[in-house]
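**Q** One structure follows; several queries about it will come next.
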Ligand SMILES: C[S@@+](CC[C@H](N)C(=O)[O-])C[C@H]1O[C@@H](n2cnc3c(N)ncnc32)[C@H](O)[C@@H]1O
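In the working numbering, the protein residues as written are 35 to 467.
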């Protein structure tokens with residue numbers, strides 16, 4: 035397929051207005067250096083944790099095929115840099131996005147990257163299927179998101195995994211109010227319209243629902259990001275129940291949230307409210323829906339989904355039975371532990387720095403810290419709990435370990451390699467070296 039073509043008129047089914055918008059205001063802001071990103075992903079444990087987030091039950095490999103659907107200006111190049119042994123394909127219907135990606139490809143000599151100017155709706159024309167599909171910040175801009183998701187499912191291998199990110203409604207209330215404001219006044223996505231809008235936002239009254247987003251979103255001051263949020267010609271959002279319906283209609287099944295602590299009644303302040311145990315008795319989907327309403331601030335949902343005909347064992351992590359003893363915990367990147375200003379009885383507090391909710395920290399006591407310190411990315415939980423714990427421990431070691439490792443997992447502190455071996459180490463070739 036030619037990388038220069040096709041032209042505008044050859045995009046039946048794709049929204050011309052949206053493409054024109056991204057040609058003028060490419061997103062994210064074009065960058066010319068990926069050095070920081072390259073350094074970050076040179077760490078093998080980071081790549082391994084990322085891999086097992088998608089496939090807990092698969093052996094680690096780096097040569098998978100990846101489609102970045104609606105890749106924008108840099109996402110496909112980043113993935114090609116992150117996974118040098120993988121074959122990465124980026125598609126986007128905006129010529130500007132394709133050009134920016136091609137520049138990065140040349141600059142970083144990314145021979146494992148192919149880039150096509152192609153609408154998602156026509157992705158089957160690539161004539162190939164993928165182990166992994168990443169589609170973030172795109173489907174909610176399509177005229178028919180269901181058609182887009184089904185097209186992507188059509189090129190996902192049966193045992194593949196998809197990272198899907200779509201907008202969430204409640205935290206975006208202020209954005210939708212300002213979108214409506216702009217519509218009523220006929221404000222367009224032009225340089226002048228954006229400049230005037232930035233000036234007006236400086237006078238937004240305190241307490242306006244947009245205020246926290248303006249304060250906390252680092253790239254909101256940047257024109258393309260502001261246009262992307264407030265002047266987008268087409269954008270919709272999915273509440274948790276709407277997202278689950280969307281996934282099901284697309285012939286897919288929900289695997290997990292990319293970050294799951296914000297969605298569960300087991301973590302943070304929600305675990306302490308009087309309704310917490312009532313919430314925990316609900317089916318998982320309803321728990322997530324209730325927590326979304328209670329938190330009220332979510333602006334996006336990032337989920338990992340699989341085909342609904344995924345062959346063999348699904349990629350579930352569970353703690354009933356005793357299979358969990360064979361799980362190999364792998365620390366997630368961007369986590370840290372602190373030992374200052376600790377709550378009573380805590381030996382440390384675990385934090386995942388990518389959480390935006392400040393209440394999602396996990397205090398651990400001294401017995402739990404022994405277990406935590408023993409996580410090396412190679413040993414299974416079974417091996418770890420064979421180490422003696424302080425005799426003052428009242429609960430049985432196994433009960434303690436089960437609930438601790440489950441909590442670590444809910445708190446996004448670890449992912450698991452769900453080793454098929456019942457107990458014991460995974461092979462040295464598999465683990466972190
Ligand atoms: C908000 S940007 C997200 C970019 C990238 N996925 C990221 O997360 O950084 C949306 C991108 O999707 C592209 N896009 C929107 N609708 C599309 C469609 N129907 N087919 C292909 N690309 C599309 C736009 O051109 C734009 O580059």
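Glycine is no exception: its CB is placed at the ideal position from the N, C-alpha and C atoms.
Quick check: the Cα distance between residue 98 and residue 236, rounded to an integer number of angstroms?
**A** 47 Å
**Q** Just to confirm, is the Cβ distance from residue 17 to residue 286 under 7 Å?
**A** Since the first residue shown for the chain is 35 and the last is 467, residue 17 is missing from the structure and cannot be characterised.
**Q** For residue 71, which residues of its own chain have a beta-carbon under 8 Å away from its beta-carbon, when the five flanking residues on both sides are left out?
**A** 112, 115, 116.
**Q** Cβ of residue 411 within 7 Å of Cβ of residue 364?
**A** Between residue 411 and residue 364, the C-beta spacing is below 7 Å.
**Q** Whole angstroms is fine: what's the gap from residue 308's alpha carbon to residue 299's?
**A** 11 Å
**Q** Within the same chain, show all residues whose beta-carbon is closer than 7 Å to that of residue 379, passing over the 5 residues directly before and after it, in chain order.
**A** 399
**Q** CA-CA distance, residue 452 and residue 227?
**A** 52 Å
**Q** As an exercise, report each continuous beta strand (DSSP E) stretch of at least 3 residues that is fully enclosed by the region 263-307, in chain order.
**A** 286-291
**Q** Do residue 154 and residue 132 come within 7 Å of each other at the CB atom, strictly closer than that value?
**A** no
**Q** Less than 7 Å between the C-beta atoms of residue 188 and residue 158, yes or no?
**A** yes
**Q** Please report the distance separating the alpha-carbon of residue 335 from that of residue 53.
**A** 23 Å
**Q** Using only the alpha-carbon positions, how far apart do residue 254 and residue 61 sit?
**A** 12 Å
**Q** Measure the alpha-carbon distance for residue 343 versus residue 192 and round it to whole angstroms.
**A** 7 Å
**Q** Alpha carbon to alpha carbon, what distance is there between residue 55 and residue 221?
**A** 14 Å
**Q** Could you tell me which uninterrupted beta strand (DSSP E) segments, each at least 3 residues in length, are contained entirely in the region 332-411, listed from first to last along the chain?
**A** 334-341, 361-365, 369-372, 382-386, 395-398
**Q** Where does residue 107 sit, in a helix, a strand or coil, going by DSSP?
**A** In this structure, DSSP gives residue 107 a state outside helix and strand, which the three-state scheme calls coil.
**Q** Please go through the same chain and pick out, in chain order, the residues whose beta-carbon is closer than 7 Å to the beta-carbon of residue 310, but skip the five residues on each side of it.
**A** 299, 304
**Q** Do you know how far the Cα of residue 104 is from the Cα of residue 151?
**A** 10 Å
**Q** So residue 171 is in the alpha helix (DSSP H); what residue range does that whole segment cover?
**A** From DSSP, residue 171 is part of no alpha helix (DSSP H); its letter is neither H nor E.
**Q** Cβ of residue 268 within 6 Å of any heavy atom in ligand 1?
**A** no
**Q** For residue 382, does the count of other Cβ atoms within 10 angstroms reach 16, so buried, or fall short, so exposed?
**A** buried
**Q** For residue 428, collect the residues of the same chain with a Cβ closer than 8 Å to its Cβ; drop the 5 residues on either side in sequence, then sort them by chain order.
**A** Residue placement at residue 428 is poorly supported in this model, since its pLDDT is 42, which falls under 50; the coordinates still yield a value, given next. Contacts found: none.
**Q** Kindly indicate the opening and closing residues of the alpha helix (DSSP H) around residue 180.
**A** 179-188
**Q** Would you mind working out which of 123, 391, 173, 265 sits nearest residue 160, comparing C-alpha positions?
**A** 123
**Q** In chain order, what residues of the same chain have a beta carbon less than 8 Å from the beta carbon of residue 77, not counting five sequence neighbours either side?
**A** Taking C-beta separations shorter than 8 Å and ignoring five residues to either side along the sequence, the partners of residue 77 in its chain run 367, following chain order.
**Q** Once DSSP output is grouped into helix, strand and coil, what is the label at residue 447?
**A** coil
**Q** Count the other CB atoms, across all protein chains shown, that sit within 10 Å of the CB of residue 350; report buried if there are 16 or more and exposed otherwise.
**A** exposed
**Q** Quick one: residues in its chain with C-beta nearer than 7 Å to the C-beta of residue 251, no 5 flanking neighbours on either side, listed in chain order?
**A** none
**Q** What three-state label does DSSP hand residue 98 in the structure shown?
**A** coil
**Q** Kindly indicate which residue of 190, 174, 173 has the alpha-carbon position closest to the one of residue 165.
**A** 190
**Q** Starting from residue 123 and walking both ways along the alpha helix (DSSP H), at which residues does that stretch end?
**A** No alpha helix (DSSP H) contains residue 123, which is instead part of the beta strand (DSSP E) from 121-126.
**Q** Taking the alpha carbon of residue 275 as the reference point, which residue from 326, 107, 156, 420 has its own alpha carbon closest?
**A** Closest by alpha carbon: 326.
**Q** Can we count residue 175 as close to ligand 1, meaning its CB is less than 6 Å from some heavy atom?
**A** yes
**Q** Compute every distance between the C-beta of residue 170 and the non-hydrogen atoms of ligand 1, then say whether any falls below 6 Å.
**A** yes
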